[in-house]
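Student: Pasting a structure here, questions to come.
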Amino acid sequence: MSSRVVVLTGASSGIGRAAAVAFAARGDRLVLAARAKDDLDETAAACGNDPLVVPTDITRREDLDRLVAQAVAAYGRVDVWVDSAAVMAYGKFEDLPPEVFDRMIGTDLLGSANVARTALRQFRAQGHGTLIGVSSLLAHVTVPYISAYVTAKWGQRGLFRTLQHETRDAPDIHVCTVAPGSVDTPIYTSAANYAGFVGRPPPPVDSAERIAARVVRLADKPRPSASVGATNRLIELGFTLFPPVYDALVTPLMRRGGLSRQEIAGTDGNVFGARPRTEGGPGRWGRLPVGLAVAAVALAAGASVKRLLPHK
């Protein structure tokens, strides 16, 4: 295996941290970026190969200019750039403070655009490079109570698809996305919340390490997109082919699966700045056995359908 230079924005936790550890195990040289230096230092210690740590806010283009300059100064180039930086907010659209909604779009969509612009400029200058954006199943379907996140991810998907068209003139530059379903990361408990209950990933839930392994495979063999999740395709199929059924079920299923029973007062979470993260959360489900998780979803769906049917 040849050693690559890999920049990771969003490396402080979750998928970004797991990807950093996976790239380090492969022998790649890493540049770790996120808002919180303490969290980045923990990721660097987990990697164990003396990565370059550069605190960075992707909503600030000058931060990204400094990040790429330090990466090139240290290693001479950037071969792979993985962007998993994102924040989340729960609550009906009408209940979200406008500044929270706007900041989320600024981070999850415009921040992703800032990363892409910076990475592609460097790739064009050196003649090669692979950009991997961590997208989401929610870039393909809609669910209630997380309108800002869904809006940003749909926009990010459109942006990266367009970039794939616009880089066809450069065969050694690749733009990829990976779309996870539910993943066990701190984003749910770190989120802004105006829904009244702490968020959680609905079943089946994958580990961050599983998504990270797919990210490394995309870096090894780039392709436009990859989906990771036992039920992703089934959910997309329902959204596309059976919209009346999907629309009837998605809200009650989100209430059961996407929100815990742990109450929470209104908070802006880590939307405006880094805060201590909580690993795990209330009522988590794992991926295995997948059949049991799918059965739980099916039972909830059945109960919802029963309520929708007219009573005799």
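Count the sequence shown with our numbering and you get residues 618 to 929, in order. Backbone N, C-alpha and C define an ideal beta-carbon position, used for all residues, glycine too.
Is there contact between the segment 636-651 and the segment 686-705, where contact requires at least three CB pairs shorter than 8 angstroms?
Tutor: Touching, yes.
Student: When you compare each of Gly644, Ser842, Asn666 to alanine 796 by their alpha carbons, which one comes out closest?
Tutor: Your numbering for residue 796 matches position 179 in the sequence shown. Looking at the Cα atoms, Ser842 is the closest of the given residues.
Student: With a threshold of 8 angstroms, are at least 3 pairs of Cβ atoms found where one atom belongs to the segment 828-842 and the other to the segment 657-666?
Tutor: By the criterion of at least three beta-carbon pairs nearer than 8 angstroms, the segment 828-842 is not in contact with the segment 657-666.
Student: Just grab the DSSP bridge partners of glutamate 880 for me.
Tutor: Here residue 880 corresponds to residue number 263 of the sequence shown, with the count starting at 1. Looking at the DSSP assignment, glutamate 880 forms a beta bridge with Phe814.
Student: Would serine 619 be called buried (16 or more neighbouring beta carbons within 10 Å of its own) or exposed?
Tutor: Taking the first residue of the sequence shown as 1, we reach residue 619 at position 2. Exposed, since its Cβ has fewer than 16 Cβ neighbours within 10 Å.
Student: Following the continuous alpha helix (DSSP H) through leucine 681, name the residue where it begins and the one where it ends.
Tutor: The residue given as residue 681 occupies position 64 in the sequence shown. Here the alpha helix (DSSP H) through leucine 681 covers 678-692.
Student: Taking the straight line between their C-alpha atoms, what separation do you get for glycine 627 and glycine 665?
Tutor: For this step, residue 627 is matched to residue 10 along the sequence shown. For this step, residue 665 is matched to residue 48 along the sequence shown. One C-alpha to the other measures close to 18 angstroms.
Student: In the DSSP assignment, what are the bridge partners of cysteine 793?
Tutor: Position 176 of the sequence shown, counting from 1, holds the residue named residue 793. Ile749, per the DSSP bridge assignment.
Student: Between the alpha carbons of glycine 908 and alanine 847, how many angstroms are there, rounded?
Tutor: For the purposes of this step, residue 908 is taken as residue 291 along the sequence shown, with counting starting at 1. For the purposes of this step, residue 847 is taken as residue 230 along the sequence shown, with counting starting at 1. Low confidence applies here, because glycine 908 scores a pLDDT of 43, under 50, leaving its location unreliable; read the following figure in that light. Near 10 angstroms, if we compare the C-alpha coordinates of alanine 847 and glycine 908.
Student: Only counting the same chain, and skipping five residues up and downstream in sequence, which positions put a Cβ closer than 7 angstroms to that of methionine 721?
Tutor: Counting from 1 along the sequence shown, the entry for residue 721 is found at position 104. Taken in chain order, the residues that qualify are Val704, Ala706, Ala765, Tyr766, Ala769, Val888.
Student: Going by beta carbon distance, what residues of the same chain come within less than 6 angstroms of valine 624, once the five residues before and after it are set aside?
Tutor: As a working note, residue 624 is residue 7 in the sequence shown. Closer than 6 angstroms at the Cβ level, and outside the excluded window around valine 624, lie Val648, Ala688, Val695, Trp698.
Student: Output the boundary residues of the beta strand (DSSP E) element that contains arginine 646.
Tutor: If you number the sequence shown from 1, residue 646 lands on position 29. Where arginine 646 is concerned, the enclosing beta strand (DSSP E) stretches over 646-650.
Student: What whole-angstrom Cβ distance do valine 751 and isoleucine 632 have, given they're in contact under 8 angstroms?
Tutor: Within the sequence shown, residue 751 is the residue found at index 134, counting from 1. Within the sequence shown, residue 632 is the residue found at index 15, counting from 1. The Cβ separation is near 6 angstroms, so the contact holds.
Student: Could you have a look at threonine 857 and say whether DSSP puts it in helix, strand or coil?
Tutor: Position 240 of the sequence shown, counted from the start, is the residue given in the question as residue 857. Threonine 857: helix per DSSP, three-state reduction.
Student: Are the CB atoms of valine 845 and valine 822 nearer to each other than 9 angstroms?
Tutor: Translated into positions along the sequence shown, residue 845 becomes position 228. Translated into positions along the sequence shown, residue 822 becomes position 205. For valine 845 and valine 822, no; Cβs fall outside 9 angstroms.
Student: Between the segment 744-763 and the segment 850-870, do at least 3 Cβ pairs fall closer than 8 angstroms?
Tutor: yes
Student: Write down the C-beta distance between arginine 817 and leucine 876 rounded to the nearest angstrom, noting that I regard them as a contact closer than 8 angstroms.
Tutor: The count along the sequence shown starts at 1 and reaches residue 817 at position 200. The count along the sequence shown starts at 1 and reaches residue 876 at position 259. That pair is a contact at about 7 angstroms.
Student: Below 8 angstroms on the Cβ atoms is my contact criterion, and I expect glycine 883 with tyrosine 811 to pass it. Report the Cβ-Cβ distance as a whole number of Å.
Tutor: By one-based count along the sequence shown, residue 883 stands at place 266. By one-based count along the sequence shown, residue 811 stands at place 194. Going by Cβ atoms, the distance from glycine 883 to tyrosine 811 rounds to 5 angstroms, so yes, they are a contact pair.
Student: Cβ atoms of phenylalanine 740 and leucine 727: under 9 angstroms apart, would you say?
Tutor: By 1-based counting over the sequence shown, the position of residue 727 is 110. By 1-based counting over the sequence shown, the position of residue 740 is 123. No, these two residues do not count as a Cβ contact at 9 angstroms.
Student: Quick one: what's serine 799 bridged to in DSSP?
Tutor: Working through the sequence shown from its first residue, we reach residue 799 at position 182. In the DSSP output, where bridge partners are listed per residue, serine 799 has Val822.
Student: Throw me the rounded Cβ distance for the alanine 808 and glycine 886 pair, which I believe falls under 8 angstroms.
Tutor: Here residue 808 refers to the residue found at position 191 of the sequence shown. Here residue 886 refers to the residue found at position 269 of the sequence shown. Their Cβ separation, rounded to whole angstroms, is 5 angstroms, which keeps alanine 808 and glycine 886 in contact under 8 angstroms.
Student: Near tyrosine 805, which residues of its chain fall below 8 angstroms by C-beta distance, leaving aside the five closest residues on each side in sequence?
Tutor: Within the sequence shown, residue 805 is the residue found at index 188, counting from 1. Met705, Val815, Gly816, Arg817, Pro818, Gly898.
Student: With the cut-off set at 9 angstroms, would you say arginine 677 and glycine 890 are in Cβ contact?
Tutor: The residue given as residue 677 occupies position 60 in the sequence shown. The residue given as residue 890 occupies position 273 in the sequence shown. No; because the gap between Cβ atoms is not below 9 angstroms, this pair is not in contact.
Student: Pull up the distance between the alpha-carbon of histidine 757 and that of glutamate 853, whole angstroms please.
Tutor: Taking the sequence shown and counting its residues from 1, the one referred to as residue 757 is at position 140. Taking the sequence shown and counting its residues from 1, the one referred to as residue 853 is at position 236. Rounded to the nearest whole angstrom, the CA to CA distance from histidine 757 to glutamate 853 is 7 angstroms.
Student: Since valine 671 and alanine 650 should fall inside the 8 angstroms C-beta cutoff, what is the C-beta to C-beta distance between them, to a whole number of angstroms?
Tutor: Your numbering for residue 671 matches position 54 in the sequence shown. Your numbering for residue 650 matches position 33 in the sequence shown. With a beta-carbon spacing of about 5 angstroms, valine 671 and alanine 650 fall inside the 8 angstroms limit used to define contacts.
Student: Given a threshold of 16 other Cβ atoms within 10 Å of its Cβ, counted over all protein chains shown, does phenylalanine 710 qualify as buried or as exposed?
Tutor: Locating residue 710 in the sequence shown gives position 93, counting from the first residue. Phenylalanine 710 comes out exposed.
Student: Beta carbon of glycine 744, beta carbon of aspartate 789: below 9 angstroms?
Tutor: Taking the first residue of the sequence shown as position 1, residue 744 is located at position 127. Taking the first residue of the sequence shown as position 1, residue 789 is located at position 172. Cβ atoms of glycine 744 and aspartate 789: closer than 9 angstroms.
Student: For leucine 780, which residues from the same chain have a beta carbon less than 8 angstroms from its beta carbon, with the 5 sequence-adjacent residues on both sides left out?
Tutor: Locating residue 780 in the sequence shown gives position 163, counting from the first residue. By the criterion of a C-beta distance shorter than 8 angstroms, leucine 780 is surrounded in its chain by Ala733, Leu737, Leu748, Val792, once the five residues flanking it on both sides are discounted.
Student: Between threonine 673 and aspartate 712, what straight-line distance do the alpha-carbon atoms span, to the nearest angstrom?
Tutor: One-based indexing of the sequence shown puts residue 673 at position 56. One-based indexing of the sequence shown puts residue 712 at position 95. So the two alpha carbons sit approximately 30 angstroms from each other.
Student: Please state whether DSSP places tyrosine 707 in a helix, a strand or coil.
Tutor: The residue you call residue 707 lines up with position 90 of the sequence shown. In the displayed model, tyrosine 707 falls within a strand according to three-state DSSP.
Student: With 16 other CB atoms within 10 Å as the buried threshold, where does arginine 774 fall?
Tutor: What you label residue 774 is simply residue 157 of the sequence shown in a count that begins at 1. Burial call: buried.
Student: Give me the DSSP bridge partner(s) of tryptophan 698.
Tutor: Stepping through the sequence shown from its first residue, residue 698 is reached at position 81. Its beta-bridge partners are Val624, Leu748.
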